[in-house]
Amino acid sequence: MCPMSSTSPCKVAAAADAILEQSDAFLARVPADCYAKASPALGGGTIGQHARHILDHFRAALTTPACDPIDYDHRERGGRAETDPDAARAEIERLRDLVRTLDEAAMATEVTARVMLTGSGETADLGSTLGRELFFATHHAIHHHAMMKSIGAGFGVACPDGFGAAPSTINYQNADA
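For the record, in the sequence shown the residue sitting at position 65 is 77 according to this note's numbering, with numbers rising by one throughout.
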C-alpha cells in the first residue's frame, strides 16, 4: 500500500481516495427523493446519473485487467447506482478499498487507454500508466461534482466549500486570499 505522503504516484492514489470520499459525503447529504430527480437547469440530468458516471470511470481504471484496454466510453449505463444512493455509496466504498491497496509499483503499471475520437465510434489506443488513468478518473470526477453541486443547489442541498472545484482553481483562490 502507498504511504499517502510519499511519492507522486502515491499522491495520486490519495487524491483519488479523497475525491471518492467527497462523492460519498455529498451523496450522504442528498435526500433520497432528489437523487434520481431530473434537473430542469441541467437538461434533465440527475445527481444519480453523474454519480454513476464517476463510478464508471473509476471502475474502468481500477478493475480492467492490465492486458485489456481501459475503455471509458463503452460502459453500462443505468443500474442501481444511478437510482439508489445507497448502491452508489456502497460502490464508492468498494472503489476506495481498491485505491487503498495500490502501491507505487501498481501505479506504475503500464496500461492502454482506449479513447473514442468521433461520434461514429472511431477509437485510438494510447499508452499510459495506471497512475495516469487514476488521475484522469479523479479529475473527471471533479467536473461531475460541479454538475452534481448545481443540481443539488436546485433542490436545496448544501455543499462544502471546494466541492466541484479543480485543485488549480482552489490553489489560485488561496493565492489571492
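Note that beta-carbon positions come from the ideal geometry of N, C-alpha and C, so glycine has one too.
- Annotation: V42 to K23 spans about 29 Å, alpha carbon to alpha carbon.
- For D96, no beta strand (DSSP E) run applies, since DSSP gives it neither H nor E.
- Boundaries for E88: no beta strand (DSSP E) harbours it, and the DSSP string shows neither H nor E there.
- Out of A153, S132 and A117, the CA that lies nearest to the CA of P179 is found in A153.
- The alpha-carbon of A102 is positioned some 33 Å away from that of Q185.
- The shortest CA-to-CA distance from G57 to any of T95, P172 and T135 is the one to T95.
- The C-beta separation of L67 from A93 comes to about 6 Å, placing the pair in contact by the 8 Å criterion.
- Using a C-beta cut-off of 8 Å, the segment 132 to 140 makes no contact with the segment 24 to 44, since fewer than three inter-stretch Cβ pairs fall below that distance.
- Within 10 angstroms of the beta-carbon of D36 lie 16 or more other beta-carbons, which makes it buried.
- Between G55 and Y47, the gap from beta carbon to beta carbon reaches 7 Å or more.
- Only residues of its own chain outside the window of five on either side were considered, and among them F38, K161 and G164 have a CB closer than 7 Å to the CB of C171, listed in chain order.
- The segment 84 to 91 and the segment 115 to 132 touch, with three or more beta-carbon pairs separated by less than 8 Å.
- Going by DSSP, S180 is part of the alpha helix (DSSP H) stretching over P179 to D188.
- Secondary structure of V169 (DSSP, three-state): coil.
- Using a Cβ distance threshold of 7 Å, T113 and A78 do not count as a contacting pair.
- V123 sits in a strand when the DSSP states are folded into three classes.
- Here DSSP, grouped into helix, strand and coil, assigns S162 to helix.
- With fewer than 16 other Cβ atoms inside 10 Å of its own Cβ, G131 counts as exposed.
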